[in-house]
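Residue numbering for the sequence shown follows this note's numbering, starting at 2 and increasing by one per position.
Ideal placement from N, C-alpha and C gives every residue a C-beta, glycine not left out.
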Amino acid sequence: MALRQKTSWLLRGMKNFIIILVRFVSASINYIRQSFSHLKKYLAGKKLVIFVLFLLITCGLISLAALLPSTHIFEGNLIVEEMSFTYDDRQPKLFLQSIRHISSLESEGIQSLTFTGKFTSASSPQLNQLNTLKVELTDSKSRLIITPANSKETSEIDLNELRLQPNTKVMGLSYDFYRRRLAFSLQPQPTPELGNQPNSLQIYLGEQPLKIILEGYKLPGTNLPKNPDEQAPLEFNLNPDNKELNLKINQDNTIYLTTSKLPEDNDVQWFRGKIATKDVKFQRLERSGDIRDDLAISTIVEGKVRMAEQEREIKQNQFLMSEKPDVPLNIELIRHLQIVPKKGLEVRFAGKTQQLKIGLDKDFPVSTIQGSRLDGILPRDAIIAIFSFAAGTITLLLSYLIEKASNSKSK
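#1: Does residue 283 come out as helix, strand or coil in the three-state DSSP assignment?
#2: With a Cβ-Cβ cutoff of 8 Å, do residue 347 and residue 355 count as a contact?
#3: Does residue 26 come out as helix, strand or coil in the three-state DSSP assignment?
#4: Does residue 84 pass the burial test, meaning 16 or more other C-beta atoms within 10 Å, or should it be called exposed?
#5: By alpha-carbon positions, which one of 94, 19, 21, 20 ends up nearest to residue 277?
#6: I think residue 106 touches residue 183, with their Cβ atoms under 8 Å apart; what is that distance to the nearest whole Å?
#7: Using three-state DSSP, classify residue 20 as helix, strand or coil.
#8: Mind listing, in chain order, the continuous beta strand (DSSP E) runs of no fewer than 3 residues lying wholly within the stretch 103-131?
#9: Beta-carbon within less than 7 Å of residue 193's beta-carbon, same chain only, minus the 5 sequence neighbours each way: which residues are those?
#10: By the 10 Å Cβ neighbour count, where 16 or more other Cβ atoms means buried, how is residue 358 classified, buried or exposed?
#11: If you run the structure through DSSP and keep just helix, strand and coil, what is residue 292?
#12: Near residue 157, what residues of its chain come up, given a Cβ to Cβ distance below 7 Å and the 5 sequence neighbours on each side ignored?
#13: State the Cα-Cα distance for the pair residue 116 and residue 214, rounded to the nearest angstrom.
#14: Based on Cα-Cα distance, which residue from 247, 170, 198 lies nearest to residue 86?
#15: Here's the rule: buried if 16 or more other CB atoms are within 10 angstroms of the residue's CB, otherwise exposed. What is residue 79?
#16: Use the C-beta contact count for residue 26: other C-beta atoms within 10 angstroms, 16 or more gives buried, fewer gives exposed.
#17: What are the partner residues of residue 75, as DSSP defines its beta bridges?
#18: How far does the beta strand (DSSP E) with residue 1 in it reach, from first residue to last?
#19: Would you report the Cα separation of residue 211 and residue 149, rounded to the nearest angstrom?
#20: With distance defined between alpha-carbon atoms, name the residue in 175, 217, 180 nearest to residue 141.
#21: Nearest CA to the CA of residue 366: which residue from 326, 89, 220?
#22: From this set, 174, 201, 137, 159, which residue's C-alpha is nearest residue 167's C-alpha?
#23: Roughly how many whole angstroms lie between the Cα atoms of residue 329 and residue 364?
#24: Thinking just about the alpha-carbon of each residue, which of 17, 302, 351, 139 is nearest to the one in residue 318?
#25: Whole angstroms are fine: how far does the CA of residue 290 sit from the CA of residue 125?
#26: Tell me the rounded alpha-carbon separation between residue 110 and residue 331.
#27: Am I right that residue 349 and residue 275 are in contact with their C-beta atoms under 8 Å? What's the rounded C-beta distance?
#28: Would you mind stating whether residue 352 and residue 75 have Cβ atoms separated by less than 8 Å?
#29: Name the DSSP beta bridge partners of residue 368, please?
#30: Run through DSSP, which three-state label would residue 313 get?
#31: Rounding to the nearest angstrom, what Cα-Cα distance links residue 242 and residue 272 in this structure?
#32: Three-state secondary structure (DSSP) at residue 243?
#33: Hey, could you find the ends of the beta strand (DSSP E) residue 186 is sitting in?
#34: What's the C-alpha gap between residue 129 and residue 122?
#35: Compute the distance between the beta-carbons of residue 160 and residue 103, then report whether it is under 8 Å.
#36: Going by other Cβ atoms of all chains shown within 10 Å of its Cβ, with 16 needed for buried, is residue 286 buried or exposed?
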């Protein structure tokens with residue numbers, strides 16, 4: 002009996018709740034309808050004001066789109082004394098090719114290699130009995146120097162190719178016209194996909210006898226006595242059996258290539274273009290021993306950059322920066338790299354950014370290029386005209402609304 006009474010009470014309560022909910026929803030709908038009806042009647046008498054407000058909002062949005070920065074593609078053509086970058090692709094890339102008549106090849110850093118052929122050494126006659134010599138360069142200051150034994154003859158040493166592995170840093174790339182020397186450092190960085198793959202430097206040694214100089218070395222597998230003076234270089238001549246030398250560079254290494262003659266205009270296509278890059282820098286650090294006192298020096302000689310139909314000229318020693326001066330400019334592709342006689346390296350590049358800054362000091366740029374959201378959709382002249390029209394229209398519309406409000410209050 003008690004259960005039946007309790008159930009009846011619950012049913013009545015639910016019925017009353019549903020009735021109240023239906024009445025509330027019905028009243029809310031009627032209120033909204035009445036509000037829209039009043040608003041419609043009010044707006045019917047204020048059509049001009051509504052139209053003015055619509056124009057004001059539209060012109061404001063157009064002006065905002067013309068002012069707000071947006072990411073755009075930029076391109077540039079610079080001549081620089083020195084540059085650095087990181088190769089940013091998933092496959093090995095041909096970087097250097099066909100450098101002929103190398104009078105001196107120098108490698109500085111940790112390296113392992115093997116020579117085969119006939120050895121001749123005045124300082125270490127034990128080498129004269131060998132036909133194979135395995136060499137280990139043991140530290141970052143170790144050096145390998147290969148030159149023709151007869152310096153008066155035209156060198157037959159050639160660099161056939163250098164392939165960069167993904168994520169390899171190329172630091173301090175430069176060409177010294179007085180020494181006729183191309184210099185750069187390779188800093189391999191392991192990747193999750195490939196690990197630490199070596200960069201491959203393929204050298205043709207030629208038919209001539211060679212002079213080899215080693216510093217900071219070990220000669221495993223030989224019975225040669227240790228040199229009491231560890232800093233003394235080992236020098237020997239080699240008539241190689243294997244004319245190809247493939248250097249596998251999987252640790253930091255600096256390469257110096259000195260050519261027999263100055264490159265001519267039609268003989269300087271050593272670099273392969275279309276290199277995917279990141280962390281590109283046109284500067285060098287002047288070190289003082291304390292990292293806080295290191296000074297960045299621009300290596301730009303001259304050039305131009307272009308973005309959003311705006312072009313700027315860059316003078317010698319000026320920096321080229323993004324909106325954040327301490328962050329490298331987002332150069333994604335080096336399209337072309339070439340030696341320009343008596344000037345430096347010509348670099349053509351492209352990338353994406355919101356802003357380009359130029360100046361002799363990173364903290365005080367004197368020129369800026371910035372693209373808006375309308376750039377790339379409309380020509381630059383059209384954007385300026387639309388912005389000027391929108392700004393003038395906003396002024397007139399605001400004046401009209403203020404005058405209208407004043408008249409309404411006076412009435």
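According to the structure data:
#1: Within the sequence shown, residue 283 is the residue found at index 282, counting from 1. Of the three classes helix, strand and coil, the one that applies to residue 283 here is coil, per DSSP.
#2: Residue mapping note: residue 347 aligns to position 346 of the sequence shown, counting from 1. Residue mapping note: residue 355 aligns to position 354 of the sequence shown, counting from 1. No, they are not a contact pair.
#3: For this step, residue 26 is matched to residue 25 along the sequence shown. Here residue 26 carries a helix assignment [DSSP, helix/strand/coil].
#4: The residue you call residue 84 lines up with position 83 of the sequence shown. Label assigned to residue 84: buried.
#5: Working through the sequence shown from its first residue, we reach residue 277 at position 276. Each of 94, 19, 21, 20 was checked against the Cα of residue 277, and the nearest Cα belongs to 94.
#6: Your numbering for residue 106 matches position 105 in the sequence shown. Your numbering for residue 183 matches position 182 in the sequence shown. A Cβ-Cβ separation of about 10 Å leaves residue 106 out of contact with residue 183 under the 8 Å criterion.
#7: Translated into positions along the sequence shown, residue 20 becomes position 19. Here residue 20 sits in helix by DSSP.
#8: Fully enclosed beta strand (DSSP E) runs of no fewer than 3 residues occupy 103-110, 112-121 of the stretch 103-131, in order along the chain.
#9: Position 192 of the sequence shown holds residue 193. Sequence-distant Cβ neighbours of residue 193 in its own chain, meaning closer than 7 Å and more than five residues away, do not exist here.
#10: Counting from 1 along the sequence shown, the entry for residue 358 is found at position 357. That one is buried.
#11: Translated into the one-based positions of the sequence shown, residue 292 becomes position 291. In the structure shown, residue 292 sits in a helix (DSSP, three-state: H, G or I).
#12: Numbered from 1 along the sequence shown, position 156 holds the residue referred to as residue 157. The beta carbon of residue 157 sits closer than 7 Å to the beta carbons of 207, 208, 209 from its chain, once the five residues preceding and following it are set aside; these are given in chain order.
#13: Looking up residue 116 in the sequence shown gives position 115. Looking up residue 214 in the sequence shown gives position 213. Counting only the Cα atoms, residue 214 lies some 13 Å from residue 116.
#14: Reading the sequence shown from its first residue, position 85 is the one you call residue 86. The candidate whose alpha carbon is nearest that of residue 86 is 170.
#15: Within the sequence shown, residue 79 is the residue found at index 78, counting from 1. Looking at its Cβ environment, which holds 16 or more other Cβ atoms inside 10 Å, residue 79 is buried.
#16: As a first step, residue 26 is located in the sequence shown; it is residue number 25 there, counting from the start. Label assigned to residue 26: exposed.
#17: Reading the sequence shown from its first residue, position 74 is the one you call residue 75. Beta-bridge partners of residue 75 (DSSP): 308, 352.
#18: Limits of the chain in this structure are 2 at one end and 412 at the other, which puts residue 1 out of reach.
#19: By one-based count along the sequence shown, residue 211 stands at place 210. By one-based count along the sequence shown, residue 149 stands at place 148. Going by C-alpha positions, residue 211 is about 5 Å away from residue 149.
#20: Taking the first residue of the sequence shown as position 1, residue 141 is located at position 140. Comparing Cα positions, the closest option is 217.
#21: Taking the sequence shown and counting its residues from 1, the one referred to as residue 366 is at position 365. It is 326.
#22: As a position in the sequence shown, residue 167 is number 166, starting the count at 1. Residue 201 is the option with its Cα nearest to residue 167.
#23: The residue given as residue 329 occupies position 328 in the sequence shown. The residue given as residue 364 occupies position 363 in the sequence shown. Answer to the nearest angstrom: the Cα atoms are 14 Å apart.
#24: For the purposes of this step, residue 318 is taken as residue 317 along the sequence shown, with counting starting at 1. Here the closest residue by C-alpha is 302.
#25: Stepping through the sequence shown from its first residue, residue 125 is reached at position 124. Stepping through the sequence shown from its first residue, residue 290 is reached at position 289. Answer to the nearest angstrom: the Cα atoms are 39 Å apart.
#26: Within the sequence shown, residue 110 is the residue found at index 109, counting from 1. Within the sequence shown, residue 331 is the residue found at index 330, counting from 1. Just so you know, the alpha carbons of residue 110 and residue 331 end up roughly 30 Å apart.
#27: Working through the sequence shown from its first residue, we reach residue 349 at position 348. Working through the sequence shown from its first residue, we reach residue 275 at position 274. Going by Cβ atoms, the distance from residue 349 to residue 275 rounds to 10 Å, so no, they are not a contact pair.
#28: For the purposes of this step, residue 352 is identified with residue 351 of the sequence shown, where counting begins at 1. For the purposes of this step, residue 75 is identified with residue 74 of the sequence shown, where counting begins at 1. Contact: yes.
#29: Within the sequence shown, the letter at position 367 stands for residue 368. Its beta-bridge partners are 359.
#30: If you number the sequence shown from 1, residue 313 lands on position 312. Here DSSP, grouped into helix, strand and coil, assigns residue 313 to strand.
#31: The residue you call residue 242 lines up with position 241 of the sequence shown. The residue you call residue 272 lines up with position 271 of the sequence shown. Rounded to whole angstroms, the gap between the alpha carbons of residue 242 and residue 272 is 29 Å.
#32: Locating residue 243 in the sequence shown gives position 242, where the first residue counts as 1. Residue 243: coil per DSSP, three-state reduction.
#33: Counting from one through the sequence shown, the residue named residue 186 turns up at place 185. In the DSSP annotation of this structure, the continuous segment of the beta strand (DSSP E) that includes residue 186 starts and ends at 182-188.
#34: Walking along the sequence shown from the start, residue 129 turns up at place 128. Walking along the sequence shown from the start, residue 122 turns up at place 121. Near 6 Å, if we compare the C-alpha coordinates of residue 122 and residue 129.
#35: As a position in the sequence shown, residue 160 is number 159, starting the count at 1. As a position in the sequence shown, residue 103 is number 102, starting the count at 1. Against a cut-off of 8 Å, the Cβ pair of residue 103 and residue 160 comes out as a contact.
#36: Taking the first residue of the sequence shown as position 1, residue 286 is located at position 285. By the 10 Å Cβ count, residue 286 comes out exposed.
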